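**Q**
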Amino acid sequence: MILGIETSCDETAAAVVTPGGQICSNVVSSQAELHAKYGGVVPEVASRRHLELVSPVIREALEQSGATLDDVDTVAVTVGPGLIGALLVGLSTAKALAWARRLPLVPVDHLHGHVASLFLEPSALEPPFTCLLASGGHTLLLDVRDRSWDGVRVLGTTLDDAAGEAFDKGARLLGLPYPGGAALDVLARDGDAEAYAFPVARVPGLDFSFSGLKTALLYAVRDLPPDELQHRRADLAASYQRAIVRALVERIEAAAPERVAVVGGVAANSELRASLPGATAAPLALCTDNAAMIASAARYAERLDPPDYLRLDAYASAA
Ligand code: KG4
Ligand code: ZN
Numbered sequence: 210m211i212l213g214i215e216t217s218c219d220e221t222a223a224a225v226v227t228p229g230g231q232i233c234s235n236v237v238s239s240q241a242e243l244h245a246k247y248g249g250v251v252p253e254v255a256s257r258r259h260l261e262l263v264s265p266v267i268r269e270a271l272e273q274s275g276a277t278l279d280d281v282d283t284v285a286v287t288v289g290p291g292l293i294g295a296l297l298v299g300l301s302t303a304k305a306l307a308w309a310r311r312l313p314l315v316p317v318d319h320l321h322g323h324v325a326s327l328f329l330e331p332s333a334l335e336p337p338f339t340c341l342l343a344s345g346g347h348t349l350l351l352d353v354r355d356r357s358w359d360g361v362r363v364l365g366t367t368l369d370d371a372a373g374e375a376f377d378k379g380a381r382l383l384g385l386p387y388p389g390g391a392a393l394d395v396l397a398r399d400g401d402a403e404a405y406a407f408p409v410a411r412v413p414g415l416d417f418s419f420s421g422l423k424t425a426l427l428y429a430v431r432d433l434p435p436d437e438l439q440h441r442r443a444d445l446a447a448s449y450q451r452a453i454v455r456a457l458v459e460r461i462e463a464a465a466p467e468r469v470a471v472v473g474g475v476a477a478n479s480e481l482r483a484s485l486p487g488a489t490a491a492p493l494a495l496c497t498d499n500a501a502m503i504a505s506a507a508r509y510a511e512r513l514d515p516p517d518y519l520r521l522d523a524y525a526s527a528a
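Here's what the structure looks like:
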């Protein structure tokens, strides 16, 4: 059994996955509420909360899977990119667990983890395919040739905000609590997506840009009297979401791939999923951060034997 641990941002997560990719348990404890009053993740607050939660969350993942530590033969952990203090909590825990039992440890790149959410049973996807990875921190168009991270090539990325960040900032302008992506998705269902013509940035190549869109929403909100704003919130949400989804779909279409997959928190978006009927979207529970995807990626990453991993360090940003 592989025990996966993920603490790169504001989700404390642990999962037990078989070498064949069956999920035995997948426990996620979100700190979102804790950070909501600040309007975003406060790194130091996140680290301290991970410290409190990591052991109970691992215990819960083992219990739910029916396994004990004796059944775990590999420990997998996110080493980056993410908040450095948050990552270090997961990494230190993983090292301690693995070393105490002289188990191998697999350091996993968080982005590889998102892609590997597609390699879990019962609906594992076989490369090659083109993958949109859209989350709170990243927006990448990837050419996935095999299941390892070395087998993935970046075709395009965002020049400014990530797609999830655009959702969250838009949600904030509309008075929705952090992280607002999912709430904006719900609000948009009651709105008219054609009510506002928000710009879809067209940058050269296969890159993305969302900062202009965010500014356009800011101006639209600012120009409305407060009582009018209340009536137009759903229209604004729907139009704004339409613009983000269009930008994402246009880029995928420009890459003209044979097979398309979408992963990451934004892959949970209902309009994006509906706009890509032929694509494989990660299962909803595996779109936002979780440890099952980390354990999944570990099956295709290099394992380190004890004591080689004791010197391992976390990294904040992608190399
Ligand atoms: O993958 P993830 O959990 O964390 C990162 O690695 O960043 O993605 C979180 C992001 C947040 O920005 C959140 O607002 C967004 O995914 N998100 C959504 C939806 N659900 C989560 N955005 C749009 N529609 C959704 N339904
Ligand atoms: Zn993520």
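Counted the way the numbering used here counts, the sequence shown spans residues 210 to 528. Note that CB positions come from ideal geometry on N, CA and C, so glycine has one too. No experiment lies behind these values; they were computed from the predicted model shown.
1. Here's the rule I'm using: 16 or more other beta-carbon atoms within 10 Å means buried, otherwise exposed. How should E374 be labelled?
2. Under a three-way DSSP split, which group does A222 fall into?
3. Put P386 into one of helix, strand or coil per three-state DSSP.
4. Out of curiosity, what's the CA-to-CA distance linking A446 and T283?
5. Between which two residues does the alpha helix (DSSP H) carrying A309 extend?
6. How big is the Cα-Cα spacing for R398 and A303?
7. Drop a sphere of 10 angstroms on the beta-carbon of D359, count the other beta-carbons inside from all chains shown, and report buried for 16 or more, exposed for fewer.
8. What does the Cβ neighbour count give for G345, buried or exposed, with the cut at 16 atoms within 10 Å?
9. Quick one: is the Cβ of N235 within less than 7 Å of any heavy atom of the ligand KG4?
10. Does the ligand ZN have even one heavy atom less than 7 Å from the beta-carbon of S344?
11. Where do the ends of the beta strand (DSSP E) carrying P290 lie?
12. Out of curiosity, what's the CA-to-CA distance linking D279 and T227?
13. Determine the closest residue to Q231 out of H440, A525, P386 and S274, with distance taken between C-alpha atoms.
14. S238 lies in the beta strand (DSSP E); which residues open and close that run?
**A** According to the structure shown:
1. buried
2. strand
3. coil
4. 44 Å
5. I293 to A309
6. 42 Å
7. exposed
8. buried
9. no
10. yes
11. Per DSSP, P290 belongs to no beta strand (DSSP E) and is neither H nor E.
12. 14 Å
13. S274
14. I232 to S239
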